[in-house]
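Protein chains in written order, with my numbering: chain A, 3 to 287; chain B, 153 to 413. Even glycine gets a Cβ: it sits at the ideal position worked out from N, Cα and C. Comments concern the structure below.
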Amino acid sequence: LSGGSWREKLAQRQVPMLAPALLVWGLLFALPLASFLVFSFWSVRARIMRPDFTLKNYAATFTDYGDVLAITLLTALAIAGVTSLIAYAFAYAIRFRAGRYGDFLLFATLIALFGGYLVKIYAWKSILGRDGIINGLLLWTGVIDEPLGVLIYSQGAVVVTLTYFLLPFAVLPIYGSMRSISDDLIEAARDLGATSFAAARDIVLPLSVRGLNVAFLFSFLISAGDYVTPRFVGGGASMMGHFIETQFSFGFNWPMGSAMSFTLLACSLLVVICFRFVLQRGLRR
Amino acid sequence: MRISPVASSLWSIFAIAVLLFMTLPLLLVVLFSFNASALTSFPLSGFTTGWYAKLFAHRSFWPALSNSLVVGFAVAAVSVCAGLLAAIGLARLESKAAHGALDVLCAPMMLPALVTGVALLSFFVRVVSVPLGLPTVVLGQLVVILPFVIAILYARLSGFDWSLIESAHDLGATPVVSFTSVMLPIIRPTLVGAALIAMSLSLDDFVITFFTIGSGNTLPTLVWGMARTALDPTINAIATLLLALSIGSTILALKLIDYRR
Numbered sequence: 003l004s005g006g007s008w009r010e011k012l013a014q015r016q017v018p019m020l021a022p023a024l025l026v027w028g029l030l031f032a033l034p035l036a037s038f039l040v041f042s043f044w045s046v047r048a049r050i051m052r053p054d055f056t057l058k059n060y061a062a063t064f065t066d067y068g069d070v071l072a073i074t075l076l077t078a079l080a081i082a083g084v085t086s087l088i089a090y091a092f093a094y095a096i097r098f099r100a101g102r103y104g105d106f107l108l109f110a111t112l113i114a115l116f117g118g119y120l121v122k123i124y125a126w127k128s129i130l131g132r133d134g135i136i137n138g139l140l141l142w143t144g145v146i147d148e149p150l151g152v153l154i155y156s157q158g159a160v161v162v163t164l165t166y167f168l169l170p171f172a173v174l175p176i177y178g179s180m181r182s183i184s185d186d187l188i189e190a191a192r193d194l195g196a197t198s199f200a201a202a203r204d205i206v207l208p209l210s211v212r213g214l215n216v217a218f219l220f221s222f223l224i225s226a227g228d229y230v231t232p233r234f235v236g237g238g239a240s241m242m243g244h245f246i247e248t249q250f251s252f253g254f255n256w257p258m259g260s261a262m263s264f265t266l267l268a269c270s271l272l273v274v275i276c277f278r279f280v281l282q283r284g285l286r287r
Numbered sequence: 153m154r155i156s157p158v159a160s161s162l163w164s165i166f167a168i169a170v171l172l173f174m175t176l177p178l179l180l181v182v183l184f185s186f187n188a189s190a191l192t193s194f195p196l197s198g199f200t201t202g203w204y205a206k207l208f209a210h211r212s213f214w215p216a217l218s219n220s221l222v223v224g225f226a227v228a229a230v231s232v233c234a235g236l237l238a239a240i241g242l243a244r245l246e247s248k249a250a251h252g253a254l255d256v257l258c259a260p261m262m263l264p265a266l267v268t269g270v271a272l273l274s275f276f277v278r279v280v281s282v283p284l285g286l287p288t289v290v291l292g293q294l295v296v297i298l299p300f301v302i303a304i305l306y307a308r309l310s311g312f313d314w315s316l317i318e319s320a321h322d323l324g325a326t327p328v329v330s331f332t333s334v335m336l337p338i339i340r341p342t343l344v345g346a347a348l349i350a351m352s353l354s355l356d357d358f359v360i361t362f363f364t365i366g367s368g369n370t371l372p373t374l375v376w377g378m379a380r381t382a383l384d385p386t387i388n389a390i391a392t393l394l395l396a397l398s399i400g401s402t403i404l405a406l407k408l409i410d411y412r413r
């Protein structure tokens, strides 16, 4: 029996092997998302959802929540920008600058990936809060006499907290795309007189742009859709996620919540596509 | 590589700063779970295990812990079985097709959990009319955790030497025998690692659980209920337990999967 025909026989069995995963994807991801999209065109009368085909939920999203949507996208953009920048430099340090400490830094990053989403956000609430750790330290050391209220319940606190949460997720894909870049290539550039900055810009960056893309995409989408962080450290009514969640836990206006979700997704997608375009234009130059 | 001493120390300072930023907040959570004062702040006021005692006496703690573990085991078991089948299927596809299929299967990881959560809530309640509870939590978590498991297992299997299976086959082994006696021993560490990562992702999950559980609690939804009101060191205690569970299983998993690959 030749290897080739064995391969072919195996190849025919791929589809049933993928079936359970495709079933989960289709029945529990694609189908719920599709029916959720349908609900966004329904209407609500007397607190009950009724089949309909109306665009008024989308219209209301823009008129009632247009400003929140803009703030949400700008905040998510800031978070994704800061996170990608720090993550890129850190991944670069692990791969090219840390030498034998690289493995340790990578391990620490992988550990930081876990530890709990809520726990991490709660940690920042206790760090930034009025009775929190920073205020406690400053009062204790006599730098201030009154606790600072400005640390928490601001858009800045949301940016810091989500950057902290997303950083390990952003470092890993960037590091992954830098791993395969050969040291010889950079050595060669240096031998030909390139500064280490020029080598990083002209060799490392183009070869690791895929990882940077994934990091930006992930950080942007996750922070645009977050509602726990604004609730804990951002004073609540600042991000779209908060208002979407409210439609489900208190408002019982699911069609409205659905229209808000898809508007947010569509706008996020637009931003991500723009980012890719700008990044590619920038690299080609 | 030639780096000037100034640049080198600047890189060290930067790397240490990022490392501290990524790890210090969680260390503080652990520290304050053993601090006597009810205030989560400095100066420290003495060692206590009282917050743990208070937590263990909490009416909702034990049911939440048992729910978390039941869901975690179920999600780990199902996602590793379905994930292994999928990864084997993908590993036999042409690499380009496999990566395309993997991108599609991983799409749920990119969607904000809030959207996945509310979509599942409306689907379960309105479309299929099933009562919310632990089974719906398991199904919901599977949507986002299965892609992780597939990606981990595919990374291992894409480098698998299929000629081993061919040899077993040529020597007369049935597919089942060649799987259990050739493939399984080789990939067992990765399988256990993937199961542990699925478990810790499940223990961590808040958003999807929150929307699909109906009534009842897991540890994260219990933290949510407690943390919304005030800063309470009992939360630090429960957070430390979650941390120990998820980091413990992650470290074990990373030891089993060669994470540098």
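Residues sharing a beta bridge with residue i, DSSP
i, result
"A/S45", "A/R52"
"A/F106", "Paired residues: none, contrary to the question."
"B/F199", "B/N187"
Partner residues on chain A for residue i, Cβ-Cβ distance less than 7 Å
i, result
"B/L257", "A23, W27"
"B/P260", "F31"
"B/V279", "S37"
"B/S398", "F116, G117, G118"
Cutoff 8 Å; reference residue i; Cβ partners in own chain excluding five residues on either side
i, result
"B/L178", "L395"
"A/L107", "F92, A95, I96, A100"
"B/L408", "P341, T342, V344, G345, L348"
"B/P283", "G366"
Classification of residue i by the beta-carbon crowding that lies within 10 angstroms, buried from 16 upward
i, result
"A/A72", "exposed"
"A/V1", "Outside the shown range of chain A, which is 3 to 287, sits residue 1 of chain A, and nothing can be said about it."
"A/L3", "Its pLDDT being 42, under 50, A/L3 is placed unreliably by the model, and nothing is read from it."
"B/P157", "exposed"
"B/S281", "exposed"
"B/L397", "buried"
"A/G227", "buried"
"A/G28", "exposed"
"A/S86", "buried"
"A/F252", "exposed"
"B/W214", "exposed"
"A/V121", "buried"
"A/R97", "buried"
"A/S182", "exposed"
"A/I2", "Residue 2 of chain A cannot be examined here, being either before or after the span of chain A that is shown, 3 to 287."
"B/G198", "exposed"
"A/K127", "buried"
"B/D356", "buried"
"A/P53", "exposed"
"A/A61", "exposed"
Within chain A, partners of residue i - CB distance below 8 Å
i, result
"B/A379", "L120, Y124, K127, F234"
"B/P177", "K122, A125, W126, I129, Y166"
Partner residues on chain B for residue i, Cβ-Cβ distance less than 7 Å
i, result
"A/D186", "Within chain B, no residue comes near A/D186; the closest Cβ sits about 11 Å away, beyond 7 Å."
"A/Y229", "L266"
"A/S221", "Within 7 Å Cβ-Cβ: nothing; A/S221 doesn't reach chain B, min ~11 Å."
"A/F41", "S274"
Residue i: CB within 7 Å of a non-hydrogen atom of the ligand HEM
i, result
"A/G68", "Because no ligand of any kind appears in the structure shown, any question about the ligand HEM cannot be addressed here."
Cβ neighbours of residue i in the same chain (closer than 7 Å, five flanking residues each side left out)
i, result
"B/T268", "P260, V295, V296, I360"
"A/R278", "N215"
"B/S450", "As displayed, chain B neither begins before 153 nor continues past 413, which places residue 450 of chain B out of reach and without an answer."
"B/T373", "F358, T361, F362, I365"
"B/L242", "A250, A253, L254, Y306"
"B/S212", "N369, L374"
Chain A residues whose Cβ lies nearer than 9 Å to that of residue i
i, result
"B/P372", "G118, Y119, L120, V121"
"B/I302", "A23"
"B/S354", "Ordered by position in chain A, no residue passes the 9 Å Cβ test against B/S354, which lies about 11 Å from the chain."
"B/L237", "P18, M19, L20, A21, P22, A23"
Closer than 8 Å at the beta carbon, the chain B residues around residue i
i, result
"A/G83", "By Cβ distance, chain B contributes nothing, its closest Cβ being about 16 Å from A/G83, past 8 Å."
"A/G243", "P264, L266"
"A/T111", "M174"
Amino acids of chain B, ordered along the chain, whose beta-carbon sits closer than 9 Å to that of residue i
i, result
"A/L267", "L263, P264, V267"
"A/R47", "What A/R47 touches in chain B: nothing, since even the nearest Cβ is about 16 Å away."
Touching by the beta-carbon criterion (3+ pairs, under 8 Å), the region 24-43 of chain A and the region 232-249 of chain A: The region 24-43 of chain A vs the region 232-249 of chain A: no contact.
How about the region 144-160 of chain A and the region 375-389 of chain B: do they share at least three Cβ pairs that are nearer than 8 Å? no
Measuring CB atoms only, is the region 288-301 of chain B touching the region 343-351 of chain B, in the sense that at least three cross pairs come out at less than 8 Å? yes
So, does the region 118-137 of chain A touch the region 200-213 of chain A, judging by three or more C-beta pairs under 8 Å? no
Looking at C-beta atoms only, is the number of pairs between the region 328-342 of chain B and the region 196-212 of chain B that lie closer than 8 Å three or more? no
Decide if the region 104-118 of chain A is in contact with the region 185-204 of chain B; the criterion is three or more beta carbon pairs, one per stretch, under 8 Å apart. no
Flag this pair as touching only if the region 246-266 of chain A and the region 174-187 of chain A have three or more C-beta atom pairs under 8 Å; answer yes or no. no
Do the region 264-272 of chain A and the region 57-75 of chain A touch if we need at least three Cβ pairs shorter than 8 Å? yes
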